[in-house]
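Everything in the sequence shown is counted per the UniProt record's numbering, starting at 1 for the first residue and increasing by one.
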Amino acid sequence: MGLLSFVREAGEKLFGRKDVEQAQASAAGGDSAAQDKLAELNQAAAASISAYIAKQGFDTSALTVSFDGASSTVAIAGTVADQATKEKLLLCCGNVDGVEHVTETLQVTNPEPEAQFHTVVRGDTLSAIAKTFYGNANAYMKIFEANKPMLGHPDKIYPGQKLRIPA
1 MGLLSFVREA
11 GEKLFGRKDV
21 EQAQASAAGG
31 DSAAQDKLAE
41 LNQAAAASIS
51 AYIAKQGFDT
61 SALTVSFDGA
71 SSTVAIAGTV
81 ADQATKEKLL
91 LCCGNVDGVE
101 HVTETLQVTN
111 PEPEAQFHTV
121 VRGDTLSAIA
131 KTFYGNANAY
141 MKIFEANKPM
151 LGHPDKIYPG
161 QKLRIPA
């Protein structure tokens, strides 16, 4: 099982992070109606993340996705074909507004070497990141391709986003 950390306030806005935070505060007081509302919001957030994964073209039939608003954590489990798919799924789950951690218990059918991850900071470009990791700014397309379909264009990255950097 692995744990990957993300910037909580950065990413796709798939569910109402503020609603989850308010329900969490109300539920902390022991109000059973608030606890029920929080459970409902957690399930809705998990469904939104699962739908986002499917929208990116990944098969979600062998995956289980859950969300815990109290810890801002997504848990994903199941079986995937290869290491690249596993890493892309982790990025789909983590690059979401309101998610700070992703835990996984994913089984990889065809294991491969793991990629590195890079958190985008203000001023980063794929070329600059490629220069840092590969020593060649022109290798930016390797990073772009490794993060498809989450990235639609090489210029569309944002601070706080976590990217997959293949070996």
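We put the beta carbon where it would ideally sit given N, CA and C, even for glycine.
At a Cβ threshold of 8 Å, is residue i touching chain D?
i: glycine 30; result: Any reference to chain D falls outside this structure, which holds one protein chain only.
Quick one: using the 10 Å Cβ neighbour count with 16 as the cut-off for buried, is residue i buried or exposed?
i: glutamate 9; result: exposed
i: glutamate 145; result: exposed
i: phenylalanine 69; result: With the sequence shown as reference, residue 69 is identified as glycine, and phenylalanine is not the correct amino acid for it. With 16 or more other Cβ atoms within 10 Å, it is buried.
i: leucine 3; result: exposed
i: residue 192; result: In the structure displayed, the chain extends from 1 to 167; residue 192 sits before or after that span and is not available.
i: lysine 156; result: exposed
i: serine 32; result: exposed
i: glycine 30; result: exposed
i: serine 72; result: buried
According to DSSP, is residue i part of a helix, a strand, or is it coil?
i: threonine 132; result: helix
i: leucine 63; result: strand
i: threonine 85; result: helix
i: residue 188; result: The structure shown does not extend to residue 188, since the chain spans only 1 to 167, so no value can be given for it.
i: leucine 151; result: coil
i: alanine 70; result: coil
i: glycine 78; result: strand
Take residue i and list the residues in its own chain whose beta-carbon comes closer than 7 Å to its own, dropping the five residues that flank it on each side.
i: alanine 44; result: Phe15
i: serine 5; result: Glu100 and His101
i: glycine 57; result: Pro149
Looking at the unbroken alpha helix (DSSP H) that takes in residue i, where does it start and where does it end?
i: lysine 142; result: 140-146
i: valine 20; result: 17-27
i: serine 5; result: Premise fails: serine 5 lies in the beta strand (DSSP E), 2-5, not in any alpha helix (DSSP H).
i: serine 32; result: 32-55
Since residue i and residue j should fall inside the 8 Å C-beta cutoff, what is the C-beta to C-beta distance between them, to a whole number of angstroms?
i: valine 108; j: valine 74; result: The Cβ separation is near 18 Å, so there is no contact.
i: lysine 142; j: proline 166; result: 6 Å
i: arginine 17; j: aspartate 97; result: 5 Å
i: valine 7; j: threonine 119; result: 7 Å
i: phenylalanine 117; j: lysine 86; result: The Cβ separation is near 12 Å, so there is no contact.
How would you write the range of the beta strand (DSSP E) that residue i sits in, first residue to last?
i: glutamine 116; result: 116-119
i: glutamine 107; result: 101-110
i: lysine 162; result: 162-165
Please go through the same chain and pick out, in chain order, the residues whose beta-carbon is closer than 6 Å to the beta-carbon of residue i, but skip the five residues on each side of it.
i: serine 66; result: Ala46 and Ala75
i: glycine 11; result: Asn95, Val96 and Asp97
Who are the near neighbours of residue i in its chain, counting only those whose CB is closer than 8 Å to its CB and skipping five residues on each side?
i: leucine 41; result: Phe15, Gly16, Asp19, Val20, Ala23 and Gly69
Quick check: does the Cβ of residue i come within less than 7 Å of any heavy atom belonging to the ligand NAD?
i: lysine 18; result: This structure lacks the ligand NAD, and indeed carries no ligand of any kind.
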